[in-house]
Amino acid sequence: MFFCPLVSGSSGNATVISHGKTTVLIDAGRSGCQIDETLRDAGVDPKQLTAIFVTHEHSDHVQGVGILSRRHHIPIYATEGTWAALDLRGGVGKIAADHRRCVAVKRSLDLGDLCVTPFTIPHAAAQPVGYRFLAGRDHVAVVATDIGYLSSSVESACVGAAVALLESNHDVDMLRNGPYPWDLQQRILGKNGHLCNEDAGQLASLMIRAGTRRLYLGHLSKDNNHPTVALHTVKKVLKENHVIAMNDCKISVAKRDLCSESFHDSF
Ligand SMILES: [Zn+2]
Ligand SMILES: [Zn+2]
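Heads up: the sequence shown begins at 12 in our numbering, then just goes up one per residue.
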């Protein structure tokens, strides 16, 4: 299995996962050209993409989805609610009927060498999901960003993953003392907002205990977080929970504008 966050942050998100003959993109929240470029930087030919999975309709996740689907003739998978929201806002432009595919929560989908299971995430969008990918018998990769709080659905999807991109959006003190107006702060901190560094650390503790070997912290706020703060806080929580980080699990912050160092799992 190959896993690589291409861009990650409040200004755009995309991750590529590949196994055997199947290569999928999860979100494409930058221009088509930028995504193509980061794919090539990751060593992936954009033409080899099998599908794009969309988590939700916010522009930091869908900006390049339509253009990539039209350019490379690839289907787009999203929940019914996300499709309705995209259609309402014209979020992905015109998509050929046979490239519009629906996914449903907890309903696994076999796509070549990957088995994909969408799971519910608590976030202020029409019908947002995270994705869990099964490669082979038991090798799991998860993309879980835009999470208001650690719901049981998020926890059970993430625990057991070998590799994951996990939201570590903000430092609560930086957000509280930062430039955002009070009501926006409340929305980010709310149950349908974004995951703070501390909570990312709590989830990371559960995941590492269950055997996660590679963790990317992502979707960092530009204004209310910093890579060193996110990493420090997550490690502090791991220490408090008596989980030794970095020993068996490598943790890093996914890069905002460039592809991150990829993870390979040969089995
Ligand atoms: Zn969002
Ligand atoms: Zn987002």
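Glycine is no exception: its CB is placed at the ideal position from the N, C-alpha and C atoms.
C-beta atoms of residue i and residue j nearer than 9 Å
i       : j       : result
Asp-182 : Val-240 : yes
Arg-143 : Pro-129 : yes
Lys-233 : Ser-42  : no
Leu-97  : Ile-46  : no
Cys-15  : Val-27  : yes
Ala-115 : Thr-90  : yes
His-205 : Gly-159 : yes
Ser-179 : Cys-207 : yes
Asn-188 : Gln-213 : no
Ser-273 : Gly-123 : no
Asp-9   : Ala-155 : In the structure as shown, the chain starts at 12 and stops at 278, and residue 9 therefore has no counterpart that could be examined.
Leu-177 : Ala-221 : no
Leu-217 : Val-170 : yes
His-150 : His-30  : yes
Arg-81  : Ala-108 : no
Ile-219 : Leu-242 : no
DSSP-derived helix/strand/coil call for residue i
i       : result
Ser-42  : coil
Arg-220 : helix
Arg-112 : strand
Glu-272 : coil
Arg-267 : coil
Leu-231 : coil
Val-127 : strand
Lys-261 : strand
Val-18  : strand
Arg-118 : coil
Ala-136 : coil
Val-248 : helix
Val-103 : coil
His-243 : helix
Ala-25  : strand
Between the CA atoms of residue j and residue i - distance to the nearest angstrom
i       : j       : result
Pro-57  : Leu-50  : 6 Å
Leu-226 : Val-174 : 6 Å
Gln-59  : Lys-261 : 28 Å
Val-254 : Ala-62  : 36 Å
Arg-100 : His-69  : 10 Å
Ala-39  : Gly-77  : 9 Å
Leu-186 : His-72  : 22 Å
His-67  : Cys-270 : 21 Å
Lys-246 : Ala-136 : 30 Å
Leu-36  : Ile-87  : 10 Å
Arg-267 : Leu-228 : 11 Å
Arg-118 : His-237 : 36 Å
Pro-192 : Arg-198 : 10 Å
Lys-32  : Gly-102 : 29 Å
Leu-17  : Ala-152 : 15 Å
Arg-148 : Ser-167 : 18 Å
Asp-194 : Thr-131 : 25 Å
Lys-202 : Leu-161 : 9 Å
Phe-64  : Leu-200 : 26 Å
What residue ranges within the stretch 59–91 form continuous alpha helix (DSSP H) runs of no fewer than 4 residues, ordered along the chain?
70–73, 76–83
Please write down, chain order preserved, every residue whose beta carbon lies under 6 Å from a heavy atom of ligand 1.
His-67, His-69, His-134, Ala-136, Asp-157
Along the chain, which unbroken stretches of the alpha helix (DSSP H) at least 4 residues long are found entirely within the stretch 138–214?
163–169, 183–187, 193–200
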